[in-house]
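**Q**
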Amino acid sequence: MNTSNLTLTRNLLFKAFLIGLAAFIILLIGTVLIWDTWAAFVYSTFKVDEATLGKLVVNSFLYSRMILIFLFLVPAIALHIVVKKSV
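So the sequence shown is residues 1 to 87, counted in our numbering.
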């Protein structure tokens with residue numbers, strides 16, 4: 001692959017990481033702000049207790065973070081290093 005293709009792929013992965021990070025932060029803020037409102041709705045609708053809901057929320061944020069880091073950021077950093085060494 002030539003340098004321009006590597007640079008394009010790196011920029012695409014990095015921008016996807018930034019968009020995912022922005023969505024992650026918005027979801028985190030939204031979850032914290034309206035926890036009391038939607039938690040009661042989830043308890044009554046899906047019949048889950050507070051401990052289970054807490055585990056689900058923590059796991060979803062953990063998995064989102066893992067995907068953002070290892071699927072987008074690590075390849076972007078690796079491509080950045082490859083592009084810098086080839087120039």
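Built from N, CA and C at the ideal position, the CB exists for glycine as well.
(1) Helix, strand or coil: which one does DSSP assign to I26?
(2) Between V42, F24, K84, A16, which lies nearest to S64 when the distance is taken from Cα to Cα?
(3) Nearest to A39 by CA position, among G30, L28, L53, I29, is which residue?
(4) In terms of residues, what are the limits of the alpha helix (DSSP H) holding M66?
(5) For the alpha helix (DSSP H) containing I77, name the first residue and the last one.
**A** In brief:
(1) Taking the first residue of the sequence shown as position 1, residue 26 is located at position 26. Note: I26 maps to helix in three-state DSSP.
(2) Along the sequence shown, read from residue 1 onward, the residue named residue 64 stands at position 64. Selected option, being the one with the closest Cα: F24.
(3) Looking up residue 39 in the sequence shown gives position 39. Of the candidates G30, L28, L53, I29, L53 places its Cα closest to the Cα of A39.
(4) By one-based count along the sequence shown, residue 66 stands at place 66. Bounds of the alpha helix (DSSP H) holding M66 are 50 to 67.
(5) Position 77 of the sequence shown holds residue 77. Run containing I77: 74 to 86, per the alpha helix (DSSP H) assignment.
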